[in-house]
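J.: Per this note's numbering, the sequence shown starts with residue 567, numbered consecutively.
Can you keep this structure in mind? I'll have questions shortly.
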Amino acid sequence: MLRVLSDFGETLLFLLGGVVLIGALAHALGWLLARRRTAQFVWRAWNVLGVLVLGIGVLSMAYAWGALGLQSGWGSLLLGLGLLLASAGLWMLVPV
């Protein structure tokens, strides 16, 4: 019973740490993008950044599949990150 509670507490702390880390990164990124020069740079280079993010995502997926293998932990992690980057880059290129 104590082991189950210990595992539950460990998992809960891990998830809470992830939430705090994501929140801190989102706050820092929002602060950085709210600055006038950064916002102007992103607005001017939106399509170039989209192509760059899409390319990095596709290359990381190809590297994860070809070099690391999808059964390895690092390969699947890199594949997921590449998928997120590629979809973000694609959404940057699609006119809304």
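A virtual CB, placed ideally from N, CA and C, is assigned to each residue, including glycine.
Quick check on the DSSP output: the alpha helix (DSSP H) that includes residue 605 runs from which residue to which?
T.: Where residue 605 is concerned, the enclosing alpha helix (DSSP H) stretches over 602 to 610.
J.: Under three-state DSSP, which class holds residue 635?
T.: Here residue 635 sits in coil by DSSP.
J.: Roughly how many angstroms separate the alpha carbons of residue 609 and residue 625, rounded to a whole number?
T.: Roughly 25 Å separates the two Cα atoms.
J.: According to the neighbour-count rule (16 or more other Cβ atoms, all chains shown, within 10 Å of its Cβ), is residue 652 buried or exposed?
T.: Buried, since its Cβ has 16 or more Cβ neighbours within 10 Å.
J.: Secondary structure at residue 660, three-state DSSP: helix, strand or coil?
T.: The answer is coil: DSSP assigns residue 660 none of H, G, I, E or B.
J.: Can residue 634 and residue 641 be called in contact, C-beta distance under 8 Å?
T.: Cβ distance < 8 Å, so residue 634 and residue 641 count as in contact.
J.: Helix, strand or coil: which one does DSSP assign to residue 627?
T.: If DSSP states are grouped into helix, strand and coil, residue 627 belongs with the helices.
J.: By Cβ distance, which residues of its chain are closer than 7 Å to residue 654, with the 5 residues on each side in sequence left out?
T.: Cβ neighbours of residue 654 beyond the five flanking positions: 619.
J.: Determine the burial state of residue 594: buried for a count of at least 16 other Cβ atoms within 10 Å of its Cβ, exposed for fewer.
T.: So residue 594 counts as exposed.
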